[in-house]
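Remarks on the structure that follows.
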Amino acid sequence: KINWVWVDHFTKFPLNKIISNNLKKKNIKICIVSPELIKKTSIINIKKLKNFIQRKKIHIDAICTKNPELWNK
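Numbering (the numbering used here), first residue to last: -19 to 53.
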């Protein structure tokens, strides 16, 4: 049984509210990989992704990051 999905995004963030909701209905948790782990990126890109996730109402259970303070703001 699948319990978690890890979401990497090298060019475009692949999740939307529909996909997120479908995973939640199946009790699958979602962990995204923060941009700084994929490639060197600025704090602005993390803020943009965080705002996108909030604006689109995408439910995330966990974030794999080296900078949790950026995600807690």
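The beta carbon of each residue, even a glycine, is placed where N, CA and C say it ideally should be. In this text, all values refer to a predicted model and were calculated from it rather than measured experimentally.
What residues are listed by DSSP as bridge partners for residue i?
i	result
I12	V(-13) and I43
Taking DSSP as the reference, what is the three-state secondary structure of residue i?
i	result
K(-8)	coil
I24	helix
K30	helix
K37	coil
Confirm the yes/no value for this check: CB of residue i, any heavy atom of the ligand ATP, distance under 8 angstroms.
i	result
S14	With respect to small molecules bound, the structure shown includes none, and the ligand ATP cannot be examined in it.
Please report the distance separating the alpha-carbon of residue i from that of residue j.
i	j	result
K(-19)	P15	28 angstroms
W51	I43	8 angstroms
T(-9)	I33	16 angstroms
I18	K30	16 angstroms
Starting from residue i, trace the alpha helix (DSSP H) both ways and give me its first and last residue.
i	result
I(-18)	Taken as a continuous stretch (DSSP letters only), I(-18) belongs to no alpha helix (DSSP H), as it is neither H nor E.
K19	That residue, K19, is in no alpha helix (DSSP H); it is neither H nor E in DSSP.
N70	This structure cannot speak to residue 70, because the chain is shown only from -19 to 53.
Please list, in chain order, all residues of the same chain as residue i whose beta carbon is under 6 angstroms from its beta carbon, the five residues on each side excluded.
i	result
N25	P15
Which residues in the same chain have their Cβ closer than 7 angstroms to the Cβ of residue i, if we skip the five residues on either side of it in sequence?
i	result
K36	N(-4) and K(-3)
Might you give, ordered along the chain, the residues of its own chain that have their beta carbon closer than 8 angstroms to the beta carbon of residue i, omitting 5 neighbours on each side?
i	result
N1	H39
I8	I(-18), N(-17), W(-16) and V(-15)
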